[in-house]
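Read the structure below first, then the notes.
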Amino acid sequence: MTDKSVLVTRPWYRSGNSDEDNKILFIFRWPEKIIGACKEKGITCFDLKENRATRKELEKFLGSKGSTLVALNGHGGPGFVCGQNGEPIADTSNSQLFSGRIVHALSCNSAQVFGPDCVANGALAFMGYKDRFCWFFDPNMITRIFDDEMSKWNFEAAMAAVTAVVNGDSVEAAREKSQKKFKDAIKHHLIHYGLESNIIIMTLIHDMENQVVIGDGTAKL
Amino acid sequence: MKTDRENQKITNIPDDVWQLVKFRIMQSMPATAKLAIGGVGTFSKEDVLEHLTEKDETGELIVRMQLSMLKYIAKTQND
């Protein structure tokens, strides 16, 4: 049923609140690293972005194409992950669509209910977060998001989990690589301790400790 | 507008812990920085300090993060 391709969902919309827009921008831009990794490996990547990051498009896509790795990015809760305009696009009512696939969710709390439900319904493995994903950022760097010295550590570590799977690692090995990235970033800030280190380390440890793998850790793309 | 749950005072954390975390945030968070908490919001330094003063759910998450950090550092120092 599945082929060796990757499906990414990444919403981007104006909410009417500039702080909220900035937050969504991180979730929209950082998954470009997944798309880049796919290009490098010659793996087909379907990019459901902005107005295509909807439940209808996702369900249509999973029903017809069947990517092995699905990377969901967006707001979330214990039982769901959102897409465009904050609408839930994946939840316990359509989790059977992830059967036979590896799911990664950069989304708050979704490893609490949605992740286990995906695996119970046949997903090979689920990688995600059991608490809220948090980061500090410099609003002056919003146009150069990848160079923001406050937030880049959290997102580099989080994205490392998905890009490792794209590069052929098992889900558990990918998590280990991501955890190492978090630990290296923490170590870096402990050694080069500056004014902001306290807050950056605080979110790094929080995100690292809440990252989980559910299901078959040996699953590969 | 805050929900009832967000307004709820967290009472199981001692006062001196709230004060310690407030002090650490005051010292280390640049005035221009923002804290993004997925699904909750984006907070300026002033907002963060307000939530710690209010001792609400957002403040509790920040306290939990600081305590986890201190425990992690203490553990890695001993390893």
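From first to last, the protein sequence lines stand for chains A and B.
For the first sequence, my numbering assigns the number 3 to the initial residue and increments by one for each residue that follows.
For the second sequence, my numbering assigns the number 1159 to the initial residue and increments by one for each residue that follows.
All residues carry an ideal CB built from backbone N, CA and C; glycine is no exception.
Keep in mind the model is a prediction, meaning the values are calculated, not measured.
Cross-strand partners of residue i (DSSP beta bridge)
i	result
A:H106	A:A73 and A:M129
B:T1234	DSSP, once it has assigned bridges, lists no residue as partnering B:T1234.
A:Q213	A:Y131
A:T220	Its beta-bridge partners do not exist; DSSP assigns none.
B:I1195	A:C136 and B:G1199
B:D1205	BP columns for B:D1205 are empty, so no partner.
B:F1181	Per DSSP, none; premise fails for B:F1181.
A:K41	A:K41 is not bridged to any residue.
A:D5	A:S69
A:F82	A:G79 and A:D93
A:K51	A:R12
Selected residue, minimal CA-CA separation from residue i, among the options
i	options	result
A:L74	A:S66, A:F128 and A:G102	A:F128
A:V121	A:R103, A:A92 and A:V8	A:R103
A:P141	A:S7, A:G217, A:L27 and A:S17	A:L27
A:D93	A:L71, A:P118, A:E158 and A:N87	A:P118
A:I144	A:S66, A:T11 and A:N24	A:N24
A:I188	A:E174, A:E178, A:T205 and A:L197	A:T205
A:L1	A:G81, A:F100, A:G76 and A:G196	Residue 1 of chain A falls outside the range modelled here, since chain A spans only 3 to 223, and no answer is possible.
A:D209	A:E61, A:N156 and A:T220	A:N156
A:S17	A:R57, A:G85 and A:K67	A:G85
A:E225	A:V168, A:S112 and A:H191	A question about residue 225 of chain A goes unanswered here, because the residues of chain A that appear run from 3 up to 223.
A:E198	B:K1192, B:V1175 and B:L1178	B:K1192
A:N169	A:I203, A:L71, A:F139 and A:N96	A:L71
A:L9	A:G217, A:K67 and A:Y15	A:K67
A:A163	A:F138, A:V105, A:G196 and A:F148	A:V105
A:I203	B:P1188, B:N1236, B:L1228 and B:W1176	B:L1228
A:S95	A:F63, A:F139 and A:R57	A:R57
A:K183	A:T46, A:G196 and A:A159	A:A159
B:Q1185	A:E211, A:T220, A:N212 and A:G196	A:G196
Contact under 7 Å by Cβ, residue i with residue j
i	j	result
B:V1206	B:I1171	no
B:I1195	A:R134	yes
A:C110	A:G78	yes
A:K179	A:A166	yes
A:W81	A:F116	This sequence places Gly at residue 81 of chain A; Trp is not what is there. Yes. Within cutoff.
B:S1226	A:I207	yes
A:P33	A:R12	yes
A:K222	A:S172	yes
A:D218	A:L126	yes
A:E174	A:V214	no
A:I91	A:L60	yes
A:S69	A:S7	yes
B:T1200	A:D149	no
A:G124	A:S101	yes
B:K1180	B:L1210	yes
B:K1213	B:W1176	yes
Short-range partners of chain B found in the stretch 174-206 of chain A, where Cβ spacing is below 8 Å
Across the stretch 174-206 of chain A, CB contacts with chain B closer than 8 Å involve I188, L192, L197, E198, S199, N200, I201, I203, M204 and T205, in sequence order along the chain.
With 8 Å as the limit, tell me which residues of the stretch 16-28 of chain A have their beta carbon closer than that to any beta carbon of chain B; keep them in chain order.
For the stretch 16-28 of chain A, the residues whose beta carbon sits under 8 Å from a beta carbon of chain B are, in order, D21, E22, N24, K25 and F28.
For the stretch 137-149 of chain A, which residues have a CB atom closer than 7 Å to at least one CB atom of chain B, in sequence order?
Residues of the stretch 137-149 of chain A whose Cβ lies closer than 7 Å to any Cβ of chain B, in chain order: W137, F138, F139, D140, P141 and N142.
Extract the residue ranges of the alpha helix (DSSP H) inside the stretch 108-191 of chain A, only unbroken runs of 4 or more that lie entirely within it.
Listed in chain order, the complete alpha helix (DSSP H) runs (minimum 4 residues) inside the stretch 108-191 of chain A are 116-122 and 154-168.
Please name the residues in the stretch 1180-1203 of chain B whose beta-carbon is closer than 9 Å to at least one beta-carbon of chain A, in chain order.
Cβ contacts with chain A come from R1182, I1183, Q1185, S1186, M1187, P1188, T1190, A1191, K1192, L1193, A1194, I1195, G1196, G1197, V1198, G1199, T1200, F1201 and S1202.
Return the residues of the stretch 104-125 of chain A that lie within a Cβ-Cβ distance of less than 8 Å from chain B, sorted by chain order.
For the stretch 104-125 of chain A, residues whose beta-carbon sits nearer than 8 Å to a beta-carbon of chain B comprise S109, C110 and N111.
Taking only beta carbons into account, state which residues of the stretch 49-79 of chain A come closer than 8 Å to chain B, listed in chain order.
Here the close residues are H77, G78 and G79.
Under 7 Å, CB to CB, which of the residues in the stretch 146-171 of chain A have a partner in chain B?
Cβ contacts with chain B: M152.
Would you list, in chain order, the members of the stretch 1207-1228 of chain B that have their beta-carbon closer than 9 Å to a beta-carbon of chain A?
Within the stretch 1207-1228 of chain B, the qualifying residues are L1219, I1220, R1222, M1223, Q1224, S1226 and M1227.
Contacting positions in the stretch 29-45 of chain A - beta carbon closer than 9 Å to chain B:
Taking 9 Å as the cut-off between beta carbons, the residues of the stretch 29-45 of chain A near chain B are I29, in sequence order.
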